[in-house]
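Data first, discussion second: the structure below is written as structure tokens.
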RNA sequence: GCCCGGGUGGCGGAAUCGGUAUACGCGGCAGACUUAAAAUCUGCUGGUCGGAAGAUCGUGCGGGUUCAAGUCCCGCCCCGGGUACCA
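Right, dumping it as structure tokens:
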């Protein structure tokens, strides 16, 4: 028999599988469908990272397993090829981004193919190909025509280094996600998608999905729904009103001042009233010069300036209160203005302390001396100033605070009643929740406010001032305004005669050919929108295109989508929770409303892959020099070993350090499997019984089947190693057992199992059906009985698995060691756990 | 600050309806084979004490519940990830 040589057998089978079209999915097939959705990679110049094949192998194991269970599997690969890094790299090496992207794709494809992933390559797609981005543009137009895409002049996040605007989601701690440079606010005319129309549905839809809780929570937090009230404060001696949003209308009586965001439009409108305009202007300039990072960052002192000459009136008690501007209030959230309740809000409290503004308490604890106030302090922020607790625990029951009582020694277990707080007029004595409701009713009656909901989620800013993306299919005509490009003229192709170097002007503006165009409406001269779309637009619908990749009259075929979606499994990195999932779900819902698809949730089941760290347990990076190159690993060990090693490292979702040395374990295992072939007999020679390994074989089939379904690949592999250790000890293996062994190993190590299968089969192993285990053979007939005295293990016996509790107790008590230890002791109690142990409690 | 994970041998990790802690693998030690090395095979491998039998401690720390706790409860510490003047 030949040596195990992965370099020879792996490319051979990859080619033969492809020739046989073994992985082609058939839309409408009578077999049950299974859509195994893979994160399509961004093909970087650096090539494949060892992290990529982790999630991909997990998906491939699943895809192969599902096929062997008779499912019609859709499993594809594509390229998320537009994007800034490619453009920047192209500028650096003096090439066209298109060229760079194609090179990168070719390299990625070569690398991925080495792993033997069972993709249906006939459905391969590339977002930067005109045949794809034509439809990205078409979808943009559908959203535009249905008022889900719009243009707006607004302050946006601008990255000076990347020379483009960014979506809110791409700003991390005030810095650009890509280049980590500070992001500034800049007012610009930009395109947005109305994702906020779907905020509630995006929130509610999460419940029915098979996602882990952390992912669901991430989505919910990102949407950030806040329920409260919107109300107006009158401005003294003026018709103007200041509109605020609050989640705590119950604290209205405690509002002792107001704060506007520095950019708030009211400030300009009331310029004439304001006596300290120079000071205001100064502050506004300072604020606008601060980067988002400086402004948002951490525990810095709050600053602000009072708008002198301008006074607001608290509608609850008609008290005159001052109005300030301060950059701790964001123009983009709520109404850009707040009523400040320093007694019950940490930020307002800090500000009021600093500028000596009045603090008025309106909420205190209930009159209930049984409360341990210590319990309240944690998480409620009650502290020394009166924080803003809403609820706390009393006797395991959540109870509301009421408007009414005040204690000292907050934060201590002991506390004494200081008196009552009666600052809320007719609402005194109510619990918080009741007060919220009643005050909103009062606001509605007075016509100065109403219940309102605010979201953290913003509309999705999709225009970018760079080249390597899908051009926005809009023509700007002086006479007609925005005119959509007629659908027959799609795609709007990216021009080649452009200056790629970022100057602040979008590169497309430098192309004469691209810019000058006739208005489709009036025929007059017009110019194209010279911006491109965020690459997240491309990646938010690729899973639909896989269903009908060659459709020429539409982005996807509705029936095909109805057959395949939702995806039955989607393995993605946890870092995509906020952006990709949110956008893709929004697209799906919007498309459903446009009657393009019939489903509203695209991803039924999502699981995550963790990060593979360097051998030093640090993130792999060039600068640390701890990057592992998959080409070299495959060269040394082969794809099957690498696939199995990545699955054996630990739970899929955990981050875990790479160890090339540890790969030896897998390599030895596969060598053993290879050599085992010579023990296989059609007719077992009489001398050696097969019963020596059958129990563990059937236990292994059971465990591997369960573990694949639960995606516990590491323990499935452990169990197969236990089986191989058992087989190592026997002389002969029956042919039908050997076939089952190859089948269960196949999803993990497809090449070696295909090679060994073909020793005496002509079929492909994946077309065979998944083996069933025999429950009787897998069952243990003997177990080890553990005998404990006072919980400590003292003796062990081999006993029949079905021994009764009585028998177990008898065996335990009669044990040589145990009976000696029991000498002279009083037996208090005997606990028998059938099939496991006996614990004797003595005194 | 808030939200989510997670702390188990020298290392990656098993075991969570409470029931033998450390499966499987790496590494290490000893032996076999070999002129030798590699590869392979066999055995051992949590700490401490002990020649051994065995005893005893042991899943981040401190308490608790239980016949029995890595697992449940309370209070902390540390690490990783996400997120933030969100009113």
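Numbering (my numbering), first residue to last: 362 to 1204.
Where a beta carbon is used, it is the ideal one built from N, C-alpha and C, also for glycine.
Computed from a predicted structure; not experimentally measured.
Spatial distance of residue i from residue j (CA atoms)
i	j	result
residue 1080	residue 1011	14 Å
residue 1180	residue 1144	21 Å
residue 999	residue 900	32 Å
residue 747	residue 704	Interpretation of residue 747 is limited by its pLDDT of 41, a score under 50 that renders its predicted location unreliable; no figure is taken from the coordinates.
residue 1152	residue 582	46 Å
residue 1043	residue 1101	14 Å
residue 1195	residue 1188	20 Å
residue 1133	residue 991	35 Å
residue 1032	residue 408	29 Å
residue 632	residue 536	33 Å
residue 758	residue 789	At residue 758 the pLDDT is 35, less than 50, meaning the model places this residue with poor confidence; the figure from the coordinates comes in the next sentence. When rounded, the distance between both Cα atoms is 23 Å.
residue 695	residue 628	17 Å
residue 417	residue 370	21 Å
residue 598	residue 783	30 Å
residue 669	residue 804	28 Å
residue 322	residue 831	Summary: the structure shown does not reach residue 322, with the chain confined to residues 362 through 1204, and so no result is reported for it.
residue 684	residue 643	17 Å
residue 544	residue 680	40 Å
residue 763	residue 588	Low confidence applies to residue 763: its pLDDT is 49, below 50, so where it sits in the model is not reliable, and the reading given next is rough at best. Cα to Cα, residue 763 sits roughly 19 Å from residue 588.
residue 706	residue 1004	53 Å
residue 1015	residue 630	55 Å
residue 1126	residue 1074	20 Å
Nearest neighbour of residue i, chosen from the options [CA to CA]
i	options	result
residue 596	671, 531, 633, 621	671
residue 397	626, 927, 407	927
residue 1147	1134, 1169, 427, 1140	1169
residue 411	845, 982, 607	982
residue 941	580, 1177, 984	580
residue 437	887, 1070, 401	401
residue 451	440, 441, 465, 439	465
residue 815	842, 802, 1036, 591	591
residue 1028	1197, 1110, 969, 644	1110
residue 338	1192, 622, 1057	In the structure as shown, the chain begins at 362 and stops at 1204. Residue 338 is therefore absent and cannot be evaluated.
residue 911	496, 472, 665	496
residue 1139	1121, 1073, 1065	1065
residue 916	429, 500, 867	500
residue 448	1039, 532, 512, 867	867
residue 1197	1160, 1183, 1171, 547	1160
residue 577	1141, 563, 372	563
residue 713	1052, 1041, 664	664
residue 552	516, 824, 1128	824
residue 640	666, 623, 506	666
Counted within 10 angstroms of its Cβ, other Cβ atoms place residue i as buried (16 or more) or exposed
i	result
residue 754	Only weak support exists for where residue 754 lies, its pLDDT of 35 falling under 50; the coordinates are left without a value.
residue 1021	exposed
residue 488	buried
residue 375	buried
residue 1059	buried
residue 1162	exposed
residue 431	exposed
residue 909	buried
residue 715	exposed
residue 636	exposed
residue 734	Because residue 734 sits at a pLDDT of 43, beneath the cut-off of 50, its placement in the model cannot be relied upon, and the following sentence gives the value as read from the coordinates. Buried: at least 16 other Cβ atoms inside 10 Å.
residue 756	Because the pLDDT of residue 756 is 30, which lies under 50, any placement of that residue in the model is unreliable, and the question is left without a value.
residue 690	buried
residue 385	exposed
Residue ranges of each beta strand (DSSP E) within the segment 431-474, 3 or longer: 433-435
At least 3 beta-carbon pairs within less than 8 Å: the segment 827-842 vs the segment 573-587: no
Given 8 Å, three or more beta-carbon pairs between the segment 615-630 and the segment 706-724: yes
At least three beta-carbon pairs within less than 8 Å, the segment 555-563 to the segment 811-825: yes
Alpha helix (DSSP H) runs wholly inside the segment 478-546, at least 4 long, in chain order: 491-506
In chain order, each beta strand (DSSP E) run of at least 3 residues that lies wholly inside the segment 373-437: 394-399, 433-435
Contiguous alpha helix (DSSP H) assignments of at least 4 residues, all confined to the segment 612-647: Whole alpha helix (DSSP H) segments, 4+ residues: 626-630.
The segment 515-529 in contact with the segment 793-809 per 3-pair CB rule at 8 Å: no
Meets three-Cβ-pair contact criterion under 8 Å: the segment 592-610 and the segment 699-713: yes
Segment contact, 8 Å Cβ cut-off, at least three pairs: the segment 942-959 with the segment 455-474: no
Minimum length 4: unbroken alpha helix (DSSP H) runs contained in the segment 683-733: Runs found: 707-716.
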